[in-house]
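Asks: Structure in structure tokens, see below.
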Amino acid sequence: MPANGQQHSSSSSFMDKLRSFDNHTAVADEFRVRTKNGAMISLFTIVSILYLTYQEYQFNVTTVEVLDRVHVNATTPAGLPVEFEIDFPYLPCALISVDAIDPTGQLQSLHLDRTHHVYKSRTKDGKVLQGMNQGMKQELGGTADEEGLMSRLNVLMEEAEVYKDCGSCYGAEDPDEDVCCNTCDDVKRAYKHKGWNLDTKNVRQCQDEAKVEDEADEGCIIKGDIALSTGGGNFHFAPSHNLEFFGDDTRDVFQLAHNLFEEYDVSHTINKLHFGEEDQFFPSQVHQLNGADRHVEDGYGMYQYYIQLIPTRYIYLNGTSQQTFQYSVTEHLRHVSPGMGRGVPGVFFFYEVSALHVEFEEARKGWIRFFTSVCAVVGGVFSVAGVLDRMLWNYGRRKQRGSGGALG
């Protein structure tokens, strides 16, 4: 018995010491005073906790934030895909040439694969001329009729047959590139790259080529996909009679002088211009020049765009990523004096790939952050409610003493 009593005494002493750490002392119900103000504060506390907890759940669990990082990458992407669609309302298709130049002044190939992907569409009064363009045969903004559908089908069949045959470049093929010359422009570009003269009369692809006089008062929409070097350079759209008379030495000096001093209206609308594969664009990516409309009054104007390309990688929550390009652009209109050898009128896009790479990564704050925030919300709301309840209680007691009434 004495041993049991000693053991019971030590156990009671331990429990007493443990109770001394209790900072949440309970109050018996008979000592609690329940008031209407306290009930209203309790309801407000519950509603506030539920609302703030829901907001924390939205912020920490369901909301996706995008983190961004910038770093220097010694390597650059292997190629630069470019997709464009540019409307020249006052330039005939027969006058417009499309070329790309690298920083050393050498012509770049525009081919993504064996065939070209650049198409011209003749327009007049803002509409594509039915059956006269190399691209879509459907009227802009209209519904395709039976004739339009059949015309488009015939063109697609012709393009498929040409692709199958792979048009000849008539000896100007590059041995390092397996490409096809399926259009007259392709043959001219190949000969221009070689520095050779070309007699277009013997070129099958040029037999049905329209002349400038056939396209009077017409415009042109040029669209396509091209592949450029990531080492920088420019691609441009320049009007010139040299394209129309390429390989023709029958012009006299007066015709040459007239062509040299002729003015061109290079006003244009950029319906589409982006860099990188379209299926690799990340959400809300912006292409600054899409929809840009530029009116150029200078007949000898060279409209220049200076584009800084930034390789960008976007990483999703599931770990998948997309590689694309963002860009910034500045613009400048330059007057080109004819015969000075300082350039030609046209629209030029000078581009440079930045060494800085940007990464965007989707992330959520997570459940730990959510539970931590909920604890802060519950504790904060209870503390504020306790202070408010105490203030109202003290105010009620002072009012009760002054009036001699009961505390409600």
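All the letters of the sequence shown, read from the start, carry residue numbers 37 to 444 under my numbering.
Here a beta-carbon is modelled for each residue, glycine too, at the ideal position from N, C-alpha and C.
Looking at the ligand SAH, does it come within less than 6 Å of Asn233, judged from the CB to the closest heavy atom?
Replies: Questions concerning the ligand SAH fall outside what the structure shown contains, since it holds no ligand whatsoever.
Asks: Please report the distance separating the alpha-carbon of Gln358 from that of Val423.
Replies: 53 Å
Asks: Is Val97 helix, strand or coil when you go by DSSP?
Replies: DSSP places Val97 in helix when its eight states are reduced to three.
Asks: Skipping 5 residues on each side, what residues in its chain have a beta carbon closer than 8 Å to that of Trp403?
Replies: Asn96, Val97
Asks: Do you know offhand how far Met168's Cα is from Lys160's?
Replies: Reliability fails at Met168, whose pLDDT of 48 lies under 50, so the model's placement of it is uncertain and the value that follows must be treated cautiously. About 11 Å.
Asks: Just the Cα atoms here: how many angstroms apart are Ala114 and Glu367?
Replies: 27 Å
Asks: Can you say whether Gln291 is buried or exposed, counting buried as having 16 or more other CB atoms within 10 angstroms of its CB?
Replies: At Gln291, the pLDDT of 42 sits below 50, so the modelled position is not reliable; the number obtained from the coordinates is stated separately. Gln291 should be labelled exposed.
Asks: Taking 8 Å as the limit between beta carbons, can you name the residues of its chain near Val365, skipping five residues before and five after?
Replies: Gln324, Leu325, Tyr341, Tyr342, Ile343, Gln344
Asks: Starting from Ala226, trace the alpha helix (DSSP H) both ways and give me its first and last residue.
Replies: 220–230
Asks: Go ahead and label Tyr227 buried or exposed: buried means 16 or more other beta carbons lie within 10 angstroms of its beta carbon, across all protein chains shown.
Replies: buried
Asks: For Ile122 versus Ile306, is the C-beta distance shorter than 7 Å?
Replies: yes
Asks: Tell me which residues share the same chain as Pro275 and place their Cβ nearer than 6 Å to its Cβ, disregarding the 5 neighbours each side in the sequence.
Replies: Excluding sequence neighbours, Pro275 sits near Leu127, Leu131, Ile132, Tyr300.
Asks: What residue ranges within the region 306–335 form continuous beta strand (DSSP E) runs of no fewer than 3 residues, ordered along the chain?
Replies: The region 306–335 contains these whole beta strand (DSSP E) runs: 328–330.
Asks: Which stretch, first to last residue, makes up the beta strand (DSSP E) that contains His368?
Replies: 357–371
Asks: For Asp334 versus His304, is the C-beta distance shorter than 7 Å?
Replies: no
Asks: Starting from Arg378, follow the beta strand (DSSP E) in both directions and report where the run begins and ends.
Replies: Segment: none, Arg378 is in no beta strand (DSSP E) and carries neither H nor E.
Asks: List the whole-angstrom C-beta distance separating Cys216 from Val223, where the pair is believed to meet the contact cut-off of C-beta under 8 Å.
Replies: The Cβ separation is near 10 Å, so there is no contact.
Asks: Report the three-state DSSP secondary structure of Glu299 (helix, strand or coil).
Replies: Looking at Glu299 - three-state DSSP - the assignment turns out to be coil, as it is neither helix nor strand.
Asks: At which residue ranges does the region 97–139 contain complete beta strand (DSSP E) runs of 3 or more residues, listed in the order of the chain?
Replies: Those beta strand (DSSP E) runs which fall completely within the region 97–139 and span 3+ residues are 101–108, 116–124, 132–137.
Asks: Thinking C-alpha only, which one of Leu392, Val383, Ala136, Arg400 is nearest Asp261?
Replies: Ala136
Asks: Quick one: Cα of Thr81 to Cα of Ile351, how far?
Replies: 41 Å
Asks: Name the two residues that bound the continuous beta strand (DSSP E) containing Cys256.
Replies: Cys256 -> beta strand (DSSP E) spans 255–264.
Asks: Quick check on Arg158: buried or exposed, where buried means 16 or more other Cβ atoms within 10 Å of its Cβ?
Replies: buried
Asks: Of the residues Val420, Gly355, Thr111, Asn233, which one's Cα is nearest the Cα of Phe396?
Replies: Nearest neighbour of Phe396 by Cα position, chosen from Val420, Gly355, Thr111, Asn233, turns out to be Gly355.
Asks: Pick from Ala399, Glu314, Gly203, Asp425: whose alpha carbon is nearest that of Leu116?
Replies: Glu314
Asks: Report the option in Asp329, Val332, Val322, Gly416 whose CA atom is closest to the CA atom of Thr348.
Replies: Val322
Asks: Are there 16 or more other CB atoms within 10 angstroms of the CB of Lys435, so buried, or fewer, so exposed?
Replies: Exposed is the call here.
Asks: Might you give, ordered along the chain, the residues of its own chain that have their beta carbon closer than 6 Å to the beta carbon of Pro125, omitting 5 neighbours on each side?
Replies: If we look at Pro125 and ignore the five residues flanking it on each side, its Cβ neighbours are Gly255.
Asks: Let me check understanding here. Comparing Cα to Cα, which of Val389, Leu143, Pro319, Ser390 lies closest to Val102?
Replies: That would be Pro319, whose Cα lies nearest to the Cα of Val102.
Asks: Can you grab the Cα-Cα spacing for the pair Cys205 / Gln316, in whole Å?
Replies: Straight through space, the alpha carbons of Gln316 and Cys205 are spaced by roughly 33 Å.
Asks: Do you know whose CA, among Arg225, Ile85, Thr140, lies nearest Val154's CA?
Replies: Here the closest residue by C-alpha is Arg225.
Asks: Are the CB atoms of Val106 and Val394 nearer to each other than 7 Å?
Replies: Result yes, Cβ atoms of Val106 and Val394 sit closer than 7 Å.
Asks: What are the start and end residues of the beta strand (DSSP E) that includes Asn270?
Replies: 269–275
Asks: In angstroms, rounded to a whole number, what distance separates the CA positions of Lys230 and Arg330?
Replies: 34 Å
Asks: Anyone know if the C-beta pair for Asn270 and Phe407 falls short of 7 Å?
Replies: No, these two residues do not count as a Cβ contact at 7 Å.
Asks: Using a 10 Å radius around the Cβ and a threshold of 16 neighbouring Cβ atoms, would you call Asp210 buried or exposed?
Replies: exposed
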